[in-house]
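For reference, the structure is listed below as structure tokens.
In the UniProt record's numbering, the protein residues as written are 1 to 159.
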């Protein structure tokens, strides 16, 4: 497989997408923030001293998606047409599941924006709760679905 981000001199380059056709593109990413049960209960009750953790993490995730090309060197700045972040509080596993869905119409994908949204939301949860729980773990951030473009649909089989 040819590496598309490397030029003839072996150095990094941004891929030229000018000849590609605009298509509707959507990506869904997921990630988990594991913590002590007491911390999870405080998030659910809204009693974390810094504020409403999930509301702030939702805004943080959206901001992360919008700023992806500023932090990932070879990402194209793209017009995001939609970004939604959802959370599932999972007491069985003492974690918050983060699901980010991003959409665009354009020449290049939106997977990195979904993954960055999940990552930023997870980091925001960590930041909001670190004073009461130093054992928080962020894990299993991954793309679970993407559609649009020449490569078509991708869906992760195992989770």
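For glycine and all other residues, C-beta sits at the position ideal for the given N, C-alpha and C.
These figures come from a predicted structure and were not determined experimentally.
Beta-carbon spacing of residue i, residue j below 9 Å
i	j	result
residue 131	residue 114	no
residue 105	residue 23	yes
residue 118	residue 74	no
residue 133	residue 50	no
residue 98	residue 61	yes
residue 141	residue 59	no
Residue i - DSSP class collapsed to helix/strand/coil
i	result
residue 27	strand
residue 33	strand
residue 131	coil
residue 56	helix
residue 43	helix
residue 71	helix
Per DSSP, the bridge partner or partners of residue i
i	result
residue 105	24
residue 83	102
residue 154	146
residue 90	95
residue 139	32
residue 125	DSSP, once it has assigned bridges, lists no residue as partnering residue 125.
Expected contact under 8 Å - CB spacing of residue i and residue j to nearest Å
i	j	result
residue 71	residue 108	Contact doesn't hold; Cβ gap of about 17 Å is too wide.
residue 40	residue 85	In fact, because the Cβ distance is near 18 Å, the residues do not count as touching under 8 Å.
residue 165	residue 94	What is shown of the chain runs 1 to 159, which leaves residue 165 out entirely.
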